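Residue numbers (the UniProt record's numbering): 1 to 639.
Beta carbons: idealized from backbone N, C-alpha and C, even for Gly.
Just so we're clear, the structure is a prediction, and the values are computed from it rather than from any experiment.
Comments concern the structure below.
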C-alpha cells in the first residue's frame with residue numbers, strides 16, 4: 001500500500017457506507033473495486049490471472065451447486081446446498097441451452113473427484129467458457145469450509161482491456177471488514193503486475209447503485225449538447241432540484257437505470273440522443289454527435305462506431321457497440337428496419353448521405369488496406385468507401401498526406417492515404433489506406449459539378465486518362481494537399497523501391513526525398529528528421545550473404561528492423577541516405593578463419609606450462625602474423 005494512503009481509503013469507505021444508510025435498498029449492495037491499468041501492452045506483455053481468498057465473504061447470497069456422488073449429495077442436502085447427482089448430469093446431454101441456464105443460475109460449482117473427469121462429456125465446454133468450471137471436492141475436504149472459501153475468493157484476470165472489477169464486500173459489512181478485504185485485494189493485484197504500482201492508473205471503490213449522475217441537455221441554440229456530471233449523493237441531488245426549479249424554472253426528472261440484466265428492449269430518439277429502454281427504464285443512451293460511423297455488417301446487426309476521445313489520458317474507452325434486430329417473417333421488413341435505424345443515426349450525427357451531393361463515383365476499386373473491392377463516392381467534404389460488409393467515411397480534414405508509388409517489378413501503382421485519426425473496423429485500426437491500380441488501365445469519369453466549380457478547381461466535366469492519374473488528380477484537388485511521388489533514388493534495377501521484410505511480412509521500401517515509406521502491411525512512414533541512425537548488418541563481401549538487413553532508430557524511441565534486402569541494393573541505398581545527411585552505422589563482421597585461429601592458439605597455450613607460454617606466445621604471434629599476411633595475400637588474389 002505504498003501508493004494509496006489509509007486516510008484516502010477510509011474516506012472512500014465511509015462515503016459508501018454513509019450513502020447506503022441514507023437510502024435503504026430492497027437488496028444488499030455489493031461493494032466493487034474497479035481497476036484501470038497503464039503502460040501494459042496486452043499483446044506483447046504476458047497476461048496474468050490469479051485468485052485470492054479474502055478475509056470476509058463479500059457475497060453471502062452467492063449460490064453454489066455441487067456435482068456429487070452419493071456421499072457428497074447427502075452432505076449438501078444436510079447443509080442446504082443445491083446438488084446434482086450423476087443421473088441428473090446425464091439429463092443435460094451437452095444441451096447448450098440447459099448448460100447456459102445452469103451457468104447463469106449459480107455463481108460457482110463444486111464436483112466430486114470421481115465425477116470431475118466426466119463433466120465435459122455430460123455438459124460440454126459451456127461451464128469452462130463461462131469461467132465456472134467446477135472446483136474439485138474430495139471426501140477429506142470440509143464441504144462447508146470449501147463453500148465459504150469459494151464465496152470469499154475473487155479472481156483477477158487481464159484479457160484484452162486494461163480495466164477490471166471485482167466484488168470485495170457489501171454495505172452490511174463493518175468499516176474494518178471492508179478495509180481488510182480491499183487492502184488484501186489491492187496488494188494481491190499489485191503483486192501480479194509487471195511493474196507493480198507503476199502499472200496502476202486508478203482505483204475506484206463503488207457500491208452497486210453508486211452515486212447519482214446529473215445529465216444536462218442543452219437547448220437548440222447549443223445544438224442539444226449533452227453534459228454529464230457524476231458523484232452526487234441523494235441529498236445533493238435534492239438541493240440541485242430545488243436550485244434549478246427556483247432560479248431557472250427548469251423541470252427535473254429522475255430516471256431509474258435498468259438493472260434487470262436483460263439485453264433487449266425498445267428504442268427511440270430524444271432529440272440527438274438514442275435511448276434503449278428495458279422495462280421502461282433507460283439501459284443505454286448514446287449522444288449521436290459522438291458517432292463516427294454506422295454500418296450494417298449482417299442482415300440483422302447494426303454496428304455503431306464512436307469518435308476517439310480527445311483527452312490526453314483517455315485510457316480504455318468504448319469504440320463500437322452492436323445492436324441486433326431479430327429476424328422477422330418477412331426479411332424485407334427486417335432490412336428496412338435496419339436501414340431506417342441506420343439513416344436516423346446518420347441524420348442525428350450529421351453524417352447522413354442525403355446532405356452530401358455526390359461529385360463522382362468509382363466502382364470496383366481494389367484496396368489492399370483494408371482489403372477488398374470498394375465503391376468510392378466523392379463529396380465536397382468527405383469520401384465514402386462502400387464495401388461488401390463495411391462502409392468507411394474519410395473526411396478531407398482527416399487526411400494528413402498522400403503518396404503515389406509504382407510497385408517494383410509489377411504493372412501496378414499504389415496510392416497511399418495517411419490519416420490523422422485512423423479508420424476502425426472493430427478493434428482493427430487503419431492509419432493508412434492503400435489503393436492499387438493497373439498502370440495501363442484507362443478510365444472515363446463523369447463529374448457532377450457546375451461548370452464554374454470545375455473551372456475554379458481546374459477539373460474537366462469528363463476526366464479521361466490513366467486510372468491512377470485521374471484518381472490522384474481528383475484527390476489532390478478536393479483534399480488540397482500535394483501528392484508525394486518518388487524522388488531521385490533508384491535501386492540496382494532502376495526501380496523507385498526494393499523488396500524487403502518487416503517482421504514476418506514482405507513488402508516494399510521506397511526511399512523518398514524526405515522520408516522512408518514501407519508498404520503494404522503494416523504501412524510504415526518515417527521522416528528523415530525523425531531518424532537517429534540507420535545501422536546496416538550482414539553487408540560483408542562473403543558470398544554466403546545474399547541479403548543484408550538494416551535497423552532504424554527514431555527519436556520517438558521506436559526501432560524498425562528490415563531484413564531480406566538484396567545485397568545489390570546496399571550501395572545505392574547507403575549512398576542515397578548519406579546524401580540526405582542520415583547517420584549510418586555499419587556492423588563489421590568477424591571472419592570465420594580468424595575466429596578459428598584464435599581458438600587454436602588458446603588450446604595450444606592451455607597445454608604448455610606457464611614459463612613456456614611466454615616464449616611460445618611470441619612464436620605463436622609471429623606465426624599467426626605470417627599466416628594472416630599469407631591469407632591476406634590469398635584473399636587479395638581471390639578478389
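DSSP state of residue i mapped onto helix, strand, coil
i           : result
residue 338 : helix
residue 255 : coil
residue 476 : helix
residue 665 : Nothing about residue 665 can be reported from this structure: the residues present for the chain run from 1 to 639 only.
residue 72  : helix
residue 63  : coil
residue 425 : strand
residue 55  : coil
residue 525 : strand
residue 215 : strand
residue 553 : strand
residue 148 : helix
residue 122 : helix
residue 291 : strand
residue 646 : Residue 646 lies beyond the stretch modelled for the chain, which goes from 1 to 639, so this question has no answer here.
residue 82  : strand
residue 267 : strand
residue 155 : strand
residue 3   : coil
residue 113 : coil
residue 164 : strand
Other residues of its chain near residue i: CB distance less than 6 Å, five sequence neighbours each side excluded
i           : result
residue 521 : 505
residue 312 : Here residue 312 scores only 45 on pLDDT, less than 50, and its place in the model should not be relied on; the value that follows carries that caveat. Once the five neighbours on either side are set aside, residue 312 has no close Cβ partner at all.
residue 234 : 22 and 23
residue 375 : 363 and 386
Residues bridged to residue i [DSSP beta-bridge criterion]
i           : result
residue 507 : 500
residue 465 : 443
residue 382 : 395
residue 586 : 536
residue 517 : 510 and 525
residue 282 : 257 and 277
Euclidean distance between Cα positions of residue i and residue j
i           : j           : result
residue 239 : residue 24  : 20 Å
residue 261 : residue 335 : 27 Å
residue 97  : residue 13  : 41 Å
residue 94  : residue 124 : 5 Å
residue 642 : residue 170 : Nothing about residue 642 can be reported from this structure: the residues present for the chain run from 1 to 639 only.
residue 533 : residue 585 : 7 Å
residue 27  : residue 231 : 21 Å
residue 403 : residue 440 : 19 Å
residue 289 : residue 137 : 54 Å
residue 131 : residue 559 : 39 Å
residue 220 : residue 271 : 9 Å
residue 514 : residue 405 : 14 Å
residue 303 : residue 228 : 24 Å
residue 253 : residue 268 : 18 Å
residue 190 : residue 16  : 23 Å
residue 481 : residue 468 : 16 Å
residue 3   : residue 527 : 40 Å
residue 86  : residue 154 : 29 Å
residue 516 : residue 351 : 35 Å
residue 548 : residue 492 : 14 Å
residue 551 : residue 581 : 17 Å
residue 674 : residue 205 : Outside the displayed span of the chain (1 to 639) sits residue 674, for which this structure offers no information.
Neighbourhood of residue i by C-beta, 8 Å cutoff - its chain only, sequence neighbours within 5 removed
i           : result
residue 305 : 291, 292, 293, 294, 295, 319, 320 and 424
residue 500 : 506, 507, 508, 509, 518, 562, 563, 564 and 565
residue 282 : 255, 256, 257, 258, 275 and 276
residue 447 : 359, 360, 454, 459, 460, 461, 462 and 463
residue 57  : 148, 151 and 152
Extent of the continuous alpha helix (DSSP H) run through residue i
i           : result
residue 530 : No alpha helix (DSSP H) holds residue 530; DSSP gives it neither H nor E.
residue 14  : 6–22
residue 104 : 96–105
residue 576 : 570–579
residue 485 : That residue, residue 485, is in no alpha helix (DSSP H); it is neither H nor E in DSSP.
residue 457 : 451–457
residue 245 : 234–247
residue 177 : 175–192
Residue i - containing beta strand (DSSP E), residue span
i           : result
residue 564 : 559–566
residue 277 : 273–278
residue 201 : 200–207
Beta-carbon proximity list for residue i, same chain, < 7 Å, skipping 5 on both sides
i           : result
residue 201 : 36, 37, 38 and 315
residue 470 : 443, 445 and 463
residue 643 : As displayed, the chain neither begins before 1 nor continues past 639, which places residue 643 out of reach and without an answer.
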